[in-house]
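Notes follow the structure.
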Amino acid sequence: MKILKIQTLRGPNYWSIRRHKVIVMRLDLEDLAPKPTSLIPGFYQGLVEALPSLVDHYCSPGCRGGFLSRVQEGTYMGHVVEHVALELQELAGMIVGFGRTRETSTPGTYQVAFEYVDEQAGRYAARAAVRLCRSIVDTGRYPVSELEQDIQDLKDLAAKASLGPSTETLIKEAEARDIPWFHSSARSMIQLGTGIYQKRVQATLTDRSSILGVELACDKEGTKKTLRDAGVPVPRGTLIHYLDELQEAIDEVGGYPIVIKPLDGNHGRGITIDIHTWEEAEEAYDAATTASKTRSVIVERYYKGRDHRVLVVNGKLIAVAERVPAHAIGNGKSTIQELIEETNRDPNRGDGHDNVLTRIQVDRMSMQILERKGYDLNTVLQDGEICYLRYTANLSTGGIAIDRTDEIHPENLWMAERIAKLIGLDICGIDVVTEDISQPLRDNDGVIVEVNAAPGFRMHVCPSQGLPRNVAAPVMEMLFPTGTPSRIPILAVTGTNGKTTTTRLLAHIYKQTGKTIGYTTTDGTYIGDFIVEKGDNTGPQSAELILKDPTVEVAVLETARGGILRSGLAFDRCDVGVVLNVSADHLGIGDIDTIEQMATLKSVLAESVDAKGYAILNAEDPLVVKMAKRVKSQIAYFSMDPENEILQNHVRSGGLAAVYENGYLSIIKGDWTLRIEQAVNVPLTMAGLAPFMIANALAAALAAYSNGVPIEQIRTGLATFEASVAQTPGRMNLFNMGTYHALVDYAHNAASYEALGGFVRNWPGETIGVIGGPGDRRDEDLTNLGKLSAEIFNQIIVKEDNDTRGRPRGNAAHFICAGIAQANGPAAYQTILNETEAIETALNEAPSGSLVVILPESVTRAINLIEKRKPLEEPRIPLKNSQPVESSSVEYSESST
Numbered sequence: 003m004k005i006l007k008i009q010t011l012r013g014p015n016y017w018s019i020r021r022h023k024v025i026v027m028r029l030d031l032e033d034l035a036p037k038p039t040s041l042i043p044g045f046y047q048g049l050v051e052a053l054p055s056l057v058d059h060y061c062s063p064g065c066r067g068g069f070l071s072r073v074q075e076g077t078y079m080g081h082v083v084e085h086v087a088l089e090l091q092e093l094a095g096m097i098v099g100f101g102r103t104r105e106t107s108t109p110g111t112y113q114v115a116f117e118y119v120d121e122q123a124g125r126y127a128a129r130a131a132v133r134l135c136r137s138i139v140d141t142g143r144y145p146v147s148e149l150e151q152d153i154q155d156l157k158d159l160a161a162k163a164s165l166g167p168s169t170e171t172l173i174k175e176a177e178a179r180d181i182p183w184f185h186s187s188a189r190s191m192i193q194l195g196t197g198i199y200q201k202r203v204q205a206t207l208t209d210r211s212s213i214l215g216v217e218l219a220c221d222k223e224g225t226k227k228t229l230r231d232a233g234v235p236v237p238r239g240t241l242i243h244y245l246d247e248l249q250e251a252i253d254e255v256g257g258y259p260i261v262i263k264p265l266d267g268n269h270g271r272g273i274t275i276d277i278h279t280w281e282e283a284e285e286a287y288d289a290a291t292t293a294s295k296t297r298s299v300i301v302e303r304y305y306k307g308r309d310h311r312v313l314v315v316n317g318k319l320i321a322v323a324e325r326v327p328a329h330a331i332g333n334g335k336s337t338i339q340e341l342i343e344e345t346n347r348d349p350n351r352g353d354g355h356d357n358v359l360t361r362i363q364v365d366r367m368s369m370q371i372l373e374r375k376g377y378d379l380n381t382v383l384q385d386g387e388i389c390y391l392r393y394t395a396n397l398s399t400g401g402i403a404i405d406r407t408d409e410i411h412p413e414n415l416w417m418a419e420r421i422a423k424l425i426g427l428d429i430c431g432i433d434v435v436t437e438d439i440s441q442p443l444r445d446n447d448g449v450i451v452e453v454n455a456a457p458g459f460r461m462h463v464c465p466s467q468g469l470p471r472n473v474a475a476p477v478m479e480m481l482f483p484t485g486t487p488s489r490i491p492i493l494a495v496t497g498t499n500g501k502t503t504t505t506r507l508l509a510h511i512y513k514q515t516g517k518t519i520g521y522t523t524t525d526g527t528y529i530g531d532f533i534v535e536k537g538d539n540t541g542p543q544s545a546e547l548i549l550k551d552p553t554v555e556v557a558v559l560e561t562a563r564g565g566i567l568r569s570g571l572a573f574d575r576c577d578v579g580v581v582l583n584v585s586a587d588h589l590g591i592g593d594i595d596t597i598e599q600m601a602t603l604k605s606v607l608a609e610s611v612d613a614k615g616y617a618i619l620n621a622e623d624p625l626v627v628k629m630a631k632r633v634k635s636q637i638a639y640f641s642m643d644p645e646n647e648i649l650q651n652h653v654r655s656g657g658l659a660a661v662y663e664n665g666y667l668s669i670i671k672g673d674w675t676l677r678i679e680q681a682v683n684v685p686l687t688m689a690g691l692a693p694f695m696i697a698n699a700l701a702a703a704l705a706a707y708s709n710g711v712p713i714e715q716i717r718t719g720l721a722t723f724e725a726s727v728a729q730t731p732g733r734m735n736l737f738n739m740g741t742y743h744a745l746v747d748y749a750h751n752a753a754s755y756e757a758l759g760g761f762v763r764n765w766p767g768e769t770i771g772v773i774g775g776p777g778d779r780r781d782e783d784l785t786n787l788g789k790l791s792a793e794i795f796n797q798i799i800v801k802e803d804n805d806t807r808g809r810p811r812g813n814a815a816h817f818i819c820a821g822i823a824q825a826n827g828p829a830a831y832q833t834i835l836n837e838t839e840a841i842e843t844a845l846n847e848a849p850s851g852s853l854v855v856i857l858p859e860s861v862t863r864a865i866n867l868i869e870k871r872k873p874l875e876e877p878r879i880p881l882k883n884s885q886p887v888e889s890s891s892v893e894y895s896e897s898s899t
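Counting from 3, one number per residue, gives the positions in the sequence shown under our numbering.
Given below as structure tokens:
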């Protein structure tokens, strides 16, 4: 078997709308293509021996053992690889379940799609699954050592990608509240929400966290002075910078026992407590200076008591946990080393932060504690005897947590909330040492040891004893109070033709609301009136740029076929999804071989519209109309024909629609009609003579109206948007060259040629077409472009793109010319492969009163060539038919809403 390609999908996609994380592997079965598993000797037995847990895969039979029964009866290897990839992830602790396998139009080549949790782990699982199956085919087995290594590698990849327990707690709460989130490329930050509504977090720091508060909390001595001045009980202590200051500091705090810790440490690093001798103090000083960036050390009086962490969020106490240092409990039989090993076998313990608890590690501090008690790792503890292995009670060093939230005394609660405000932290972890948290600190010599910015949540979310606390909920409520939006409106546009024009028009209409619009098109990514990035930016990466921008109030996203196929959508859902049309373009690319498959691909957008939003569908396109059966949102139709049966039935049942009627672009619903504007007054429609532009305007107006844009602002947007280089580069850009006209359009498929022909045929003079076709289209598609060109133009110059997309130079032109020759009454044509030369020839030889239509590879290059000839400012349209495109004579009552 040979892996041809592995793709990672991250949003609603061709394979699944609900499951956004999907790996798609294009797999050539090679010699296994004609062999079902039932005909491969020993395969079933080898697979069951390697992965007996596959018995839990139901598959199509719908029962336990269903998949294995399919293997026994005979299924193809692509299907087996899918299930093995899923099971390998499951064995590594990643919960997945979705998979699909489909043969492509290339015999023996399959698309294997399966769910993943972590991208790198998912891609690894794909390769490992192929390796495992190949091994069983060849040898009848897969070595246990290799399987164990695969599972360990998958676990390591998942652990490496883990966001940490506190961040994951926040993300789970965000997802529960339907708040979208994104990874940031810098400093492990997470963005919650989109556009102008976004908030950012880094672990448990938020963009509301005061830098002054964070810096003060990191300055342990400064924190203690601030609290002491406010009357808060804190340990007696002093700050030193050199070892020769240590004895004086010990005397100043009242002598032994003492605590030595770094000025700017965290997570218990470099802290030594309950120090009783000078030798211990010297060693503790060395440990503290090593952990301190400033080499500064705090010496404090040691206070006996239990260690508590108090969590305050947005000024309110949320949780209290008693933290118990890592320890071993004797049974009268086992050594301390054996007790540690037994404790570490707890499935809730892992390395670092990858589990509820952390495994106990024996280090210098542990050995020091044991030596102080006269013990070593071979000591056998008495039954029930507790031997502590750490001075500090951090979970990250093997400690445990006991929830005490319901036990804290009201005075201590008041003090904790006051401390958070004194230090200035929105999320604050306060370390309290006291024998009894249910009694006021002052009554039992309790003290505030530290105040922490970015406190960990793990001890509160997953305590070893007591109630788990949802500490992420108050954080989300602080960042996104009830009733506050977290999502900007997303309006997305797809279809075969008209996407860019409709997207730009929709963005222009929305600009009339005064909001900052971020939009993506085939010529660039824009925010407001400025371009952010040039290029064909219709995929998820460009959309994500818009959604991550904190200035954007509305996102209007052109959404092309390629991006959906390669990565899925950039958003989990949108408010409005527009599907303009589906025609035979890009077929044979990416295993989309039929127009029906293309429609399924484009319907991903319609199916991803929120239930409260609108899918805007073309009532005249049967493939688009069929999408209505799959969407969960409201539906609105648009049509150039007010008598369209689909539209009429929809309106009669109270549905929303947009139609071209009696020369007007109108919104209709039920028994009322709201006329927006006459087509002749909408510059984009070329005086009402470009029907496809009228259809684009209907779709854009309907999308805006369905999302609450007032009709006056829609009208203004339509009246001020032109098919100009500035507003729609490469979309029906007409230039008055004085004695003739030139038109630049990005038409590149049959449907767009036909739409363009509706305008060109009305030209009173001769028409010259400079045409070509993308090299990755099928031979028959290029031939068809030639036939259509012969029906539209009087003269034709056939050129080729600089990027032939894998074809030999001249091959695409050959098929286009063959199509011209096959047409009835073929037009005069010549071949000039170089696009610049072809354009210059057409412009140089254009007869008076003619129209030169340029369908370029590079819109910018074509426009530059024309503008060098200094066209007149007014592109007057001298068409044969001075009347706009007619619509049905059916009358509608006109009223406003």
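Note that beta-carbon positions come from the ideal geometry of N, C-alpha and C, so glycine has one too. What you are looking at is a predicted structure, and each value in this text was computed from that prediction instead of being measured.
With fewer than three CB-CB distances shorter than 8 Å, the region 287-294 does not count as touching the region 393-406. Distance from the CA atom of P476 to the CA atom of V24, rounded to whole angstroms, is 32 Å.
Classified as exposed, T741 has fewer than 16 neighbouring CB atoms from the shown chains inside 10 Å of its CB. The Cβ neighbour count for L704, taken over all protein chains shown within 10 Å, is at least 16; the residue is labelled buried.
Where V312 is concerned, the enclosing beta strand (DSSP E) starts and stops at R308 to V315. Looking from the CA of V364, the closest CA among N357, C389 and I252 belongs to C389.
Between Q204 and Q193, the beta carbon gap of about 11 Å keeps them out of contact (Cβ cut-off 8 Å). Looking at I331, A557 and T505, the one whose alpha-carbon comes closest to that of I529 is A557. Each residue's CA atom was taken as its position, placing E223 and V83 some 60 Å apart.
CA-CA distance, H750 to G775, rounds to 6 Å. Sixteen is the threshold: when 16 or more other Cβ atoms of the shown chains lie within 10 Å of the Cβ of T527, as they do, the residue is buried. Within the model, the alpha-carbon separation for G516 versus A681 is close to 25 Å.
Exclusion of the five residues before and after I597 leaves V584, S585, A586, L589 and L625 as the residues of its chain whose Cβ lies within less than 8 Å of its Cβ.
Boundaries for I320: no alpha helix (DSSP H) harbours it, while the beta strand (DSSP E) harbouring it runs K318 to V326, taken from the DSSP string. Taking A630 as the centre and dropping the five residues before and after it, the same chain places the C-beta of L619 and I637 closer than 7 Å to its C-beta, in chain order.
As computed with DSSP, E679 is found in a beta bridge with L667. Along the region 794-869, the beta strand (DSSP E) occurs as fully enclosed runs of 3 or more residues at 797-800, 830-833 and 853-856, listed in sequence order. Pairwise C-beta distances place the region 722-740 out of contact with the region 817-837, as fewer than three of them are shorter than 8 Å. Approximately 3 Å separates the beta-carbon atoms of G400 and A328; this is inside 8 Å, confirming the contact. Cα atoms of L745 and I818: separation of roughly 21 Å, rounded to the nearest angstrom. Ranking D574, Q599, M480 and P412 by CA distance to the CA of L172 puts M480 first. Separation of T240 and G431 (C-alpha to C-alpha, rounded to the nearest whole angstrom) is 22 Å. By the Cβ test, the region 536-545 is not in contact with the region 169-185, since fewer than three Cβ pairs between them sit closer than 8 Å. By a beta-carbon distance limit of 8 Å, N836 does not contact K872. Their separation comes to about 23 Å. When rounded, the separation of the alpha-carbon atoms in T381 and T337 is 5 Å. Between T39 and V73, the C-beta spacing is below 7 Å. Around the beta carbon of N454, 16 or more other beta carbons lie within 10 angstroms, which makes this residue buried. For T675, the number of other beta carbons within 10 angstroms of its own is at least 16, and it is reported as buried.
By the CB criterion at 7 Å, T345 and I371 fall outside the cutoff.
Here I277 is bridged, per DSSP, to I260. Of the residues G665, R271 and I42, the one whose Cα lies closest to the Cα of A395 is R271. Take R66, set aside five residues on each side of it, and the residues of its chain with a beta-carbon closer than 7 Å to its own are V57, D58 and Y60, in chain order. Of the residues A323, V299 and G317, the one whose Cα lies closest to the Cα of D309 is A323. Judged by DSSP in its simplified three-state form, F761 adopts helix.
Counting other Cβ atoms within 10 Å of its Cβ, W280 stays below 16 and is therefore classed as exposed. Under the three-state reduction of DSSP, Q154 is assigned to helix.
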